[in-house]
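Peer 1: Numbering that gives the first Met the number 0 puts the first residue of the sequence shown at 0, with every later residue one more than the last.
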Amino acid sequence: MIVSLHRREPARFFKVAAVLPITVFIAAGGFLFLRAGMLPQVPTTIFAVVWGTSSVLLVFYSLNLLTQLLSVKAYNAVVPFVFIGPAVLIMSWYLLIPTLRTFYLSFMDKSSTGFAGLSNYVYVFTDATMLSALRNTVLWLVCGTFFSVLLGLSAAILADRSAIEKLGKTLVFLPMAISLVGAGVIWKFIYAYRPAADEQIGLLNALVVFFGGEPRNWLGTAPANNAFLIAIFVWLQTGFALVVLSAALKAVPVDMIEAARIDGAGEWSVLTRIVVPSIAGSIVTVATTILLAALKCFDIVFSMTNGLYGTEVLASQQYKQMFKFLHYGRGSAIAVLILIAVSPVIWYNLKEFGKREVF
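1) Work out the CA separation of Trp50 and Val2 for me, nearest whole Å.
2) Report back the beta-carbon spacing between Lys168 and Ser245 to the nearest angstrom; my notes put them in contact at under 8 Å.
3) Given a cut-off of 8 Å, decide if Leu338 and Leu133 are closer than it, judged by their beta-carbon atoms.
4) Quick one: what's Phe114 bridged to in DSSP?
5) If you reduce the DSSP assignment to three classes, tell me which class Gln40 lands in.
6) Any heavy atom of the ligand NAP closer than 7 Å to the beta-carbon of Ser277?
7) Give every residue of the same chain whose Cβ lies closer than 8 Å to the Cβ of Ile185, excluding the five residues on either side of it in the sequence, and list them in chain order.
8) State yes or no: is the C-beta of Asn119 within less than 8 Å of the C-beta of Ala258?
9) Tell me where the alpha helix (DSSP H) around Asn224 begins and ends.
10) Given Arg6, which residues of its chain have a CB within under 8 Å of its CB, disregarding the five upstream and five downstream residues?
11) Quick check on this structure: which residue in Trp346, Leu290 and Gln199 has the alpha carbon closest to the alpha carbon of Thr136?
12) Measuring alpha carbon to alpha carbon, tell me which residue in Met129, Tyr122 and Leu104 is nearest Phe114.
13) Along the chain, where does the alpha helix (DSSP H) that runs through Tyr347 open and close?
14) Determine the direct distance from the alpha carbon of Leu138 to that of Ala223, and round the result to whole angstroms.
15) List in chain order: all unbroken alpha helix (DSSP H) runs of 4+ residues lying wholly within the region 154 to 204.
16) Lys109 to Asp298, Cα distance in whole Å?
17) Going straight from the alpha carbon of Ala359 to that of Ala247, what length do you get?
18) Short of 7 Å in beta carbon distance, which residues of its chain neighbour Gly29, apart from the five on each side in sequence? Order them along the chain.
19) Given a cut-off of 8 Å, decide if Thr128 and Glu311 are closer than it, judged by their beta-carbon atoms.
20) Could you check if Tyr60 is buried or exposed, using at least 16 other CB atoms within 10 Å of its CB as the buried criterion?
21) Which of the three DSSP states, helix, strand or coil, is assigned to Ser91?
22) Is the region 147 to 164 close to the region 233 to 240, with three or more CB pairs under 8 Å?
23) Taking DSSP as the reference, what is the three-state secondary structure of Glu213?
24) Quick one: residues in its chain with C-beta nearer than 7 Å to the C-beta of Tyr308, no 5 flanking neighbours on either side, listed in chain order?
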């Protein structure tokens, strides 16, 4: 509720006159101090957190004082833009400008000094390594998304209203607490390979040898190695699918299910004709979210194989072109293609959220 605002109250003017210089001094002074790099890394990090938080609070406090000098009508008209404006400016600075610059660089040569036309995009669709990365990315999108949703939905259905529901969901969700790089390190020890004459340190090969088999280089054998990498992604994302779909299952009317059973419908019919259609919107939302994660998945590939043995994906190639080969044109072109690929999915999710009045 907006209270009466007194534009000519002297104390308010004095407060604004005192706070604004302090805000400018702290914000600008802290930035210049960080830019100078006068402290070691840890103190610099602590100072940056404290300074950044303080600066944001002071900026919004100052803006609030300034807007309170306006009339009620002007206040109501201006305040949404005043408080959303800084966030829009920051997002434009860190997202919009880099995006436009990436588009620009995608048409430039390696050193970003000469115009290269569409040669960078031609390279993406003609180079053998890039074509392999494209195929692997599609494999990640299809298999990673499908199995994550399938296993998450299966776990949600099996755990729903069972005696061990909480324990089961906790066990499936636990991998979500691990970072992608951390998961890669864990699974690298599981897939670890040594020659048959040596002792196996990898869990998978140790089991194979224990049962009389020969150890295999799981990560060095294409194309099966891509499946082993995707399995890690599925292991991580199943917990996310479980949580969202489990909540959706709770919203399915029990009376509808009971009525179907009374009419003679079997469990499979109840599942496929009542439960799944009722949560179809949640399934699509989960699938598109996991699809975005799969398209940008770089951490697992980088930490496990570094893209060797035919495991390159678009994200890993984009990283290598930009930071290893220093070919900013090709790296930017790959980044643009990834952006184009994710844009329809993001647009669909935003549209669905709008229908559900999430925003």
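C-beta atoms are modelled at their ideal positions from N, C-alpha and C, and glycine is treated no differently.
Peer 2: Walking through what the data contain:
1) As a working note, residue 2 is residue 3 in the sequence shown. As a working note, residue 50 is residue 51 in the sequence shown. Reliability of the predicted coordinates at Val2 is poor, the pLDDT of 45 falling under 50, and no value is obtained from them.
2) Locating residue 168 in the sequence shown gives position 169, counting from the first residue. Locating residue 245 in the sequence shown gives position 246, counting from the first residue. In this structure Lys168 is in contact with Ser245, their Cβ atoms being roughly 6 Å apart against a cut-off of 8 Å.
3) Residue numbering aside, residue 133 sits at position 134 when the sequence shown is read from its first letter. Residue numbering aside, residue 338 sits at position 339 when the sequence shown is read from its first letter. No, the Cβ-Cβ distance between Leu133 and Leu338 is not below 8 Å.
4) Here residue 114 corresponds to residue number 115 of the sequence shown, with the count starting at 1. Partner(s): Met107.
5) Looking up residue 40 in the sequence shown gives position 41. Reduced to three states, the DSSP call for Gln40 is helix.
6) Looking at this structure, you won't find the ligand NAP or any other ligand, since it has none at all.
7) By one-based count along the sequence shown, residue 185 stands at place 186. Cβ neighbours of Ile185 beyond the five flanking positions: Ile177.
8) Within the sequence shown, numbered from 1, the residue matching residue 119 stands at position 120. Within the sequence shown, numbered from 1, the residue matching residue 258 stands at position 259. No; because the gap between Cβ atoms is not below 8 Å, this pair is not in contact.
9) The residue labelled residue 224 in the question sits at position 225 within the sequence shown. Counting along the chain, the alpha helix (DSSP H) containing Asn224 begins and ends at Ala223 to Lys249.
10) Translated into positions along the sequence shown, residue 6 becomes position 7. At Arg6, the pLDDT of 48 sits below 50, so the modelled position is not reliable; the number obtained from the coordinates is stated separately. Apart from sequence neighbours up to five positions away, the residues of its chain that approach Arg6 with a beta-carbon distance below 8 Å are Leu68, Leu69 and Ser70, ordered along the chain.
11) Here residue 136 is taken as the residue at index 137 of the sequence shown, counted from 1. If we check each option's Cα against that of Thr136, Leu290 comes out closest.
12) One-based indexing of the sequence shown puts residue 114 at position 115. Distances from the alpha-carbon of Phe114 to those of Met129, Tyr122 and Leu104 put Leu104 closest.
13) Taking the first residue of the sequence shown as 1, we reach residue 347 at position 348. Per DSSP, Tyr347 belongs to the alpha helix (DSSP H) from Tyr327 to Lys354.
14) The sequence position of residue 223 within the sequence shown is 224, counting from 1. The sequence position of residue 138 within the sequence shown is 139, counting from 1. One C-alpha to the other measures close to 12 Å.
15) Qualifying alpha helix (DSSP H) stretches, in chain order: 164 to 172 and 179 to 189.
16) Within the sequence shown, residue 109 is the residue found at index 110, counting from 1. Within the sequence shown, residue 298 is the residue found at index 299, counting from 1. Pairing Lys109 with Asp298, the inter-Cα distance amounts to about 25 Å.
17) The question about residue 359 has no answer here: the residues shown for the chain are numbered 0 through 358.
18) Working through the sequence shown from its first residue, we reach residue 29 at position 30. Leaving aside the five residues that flank Gly29 on each side, the residues in its chain whose CB is nearer than 7 Å to its CB run, in chain order, Trp50 and Ser54.
19) Working through the sequence shown from its first residue, we reach residue 311 at position 312. Working through the sequence shown from its first residue, we reach residue 128 at position 129. Yes, they are a contact pair.
20) As a working mapping, residue 60 is identified with position 61 in the sequence shown. So Tyr60 ends up on the exposed side.
21) One-based indexing of the sequence shown puts residue 91 at position 92. Ser91 carries a helical assignment under DSSP once its states are collapsed to helix, strand and coil.
22) These segments touch.
23) Your numbering for residue 213 matches position 214 in the sequence shown. Here Glu213 sits in coil by DSSP.
24) As a working note, residue 308 is residue 309 in the sequence shown. Cβ within range, chain order: Leu218, Gly219, Ala221 and Asn224.
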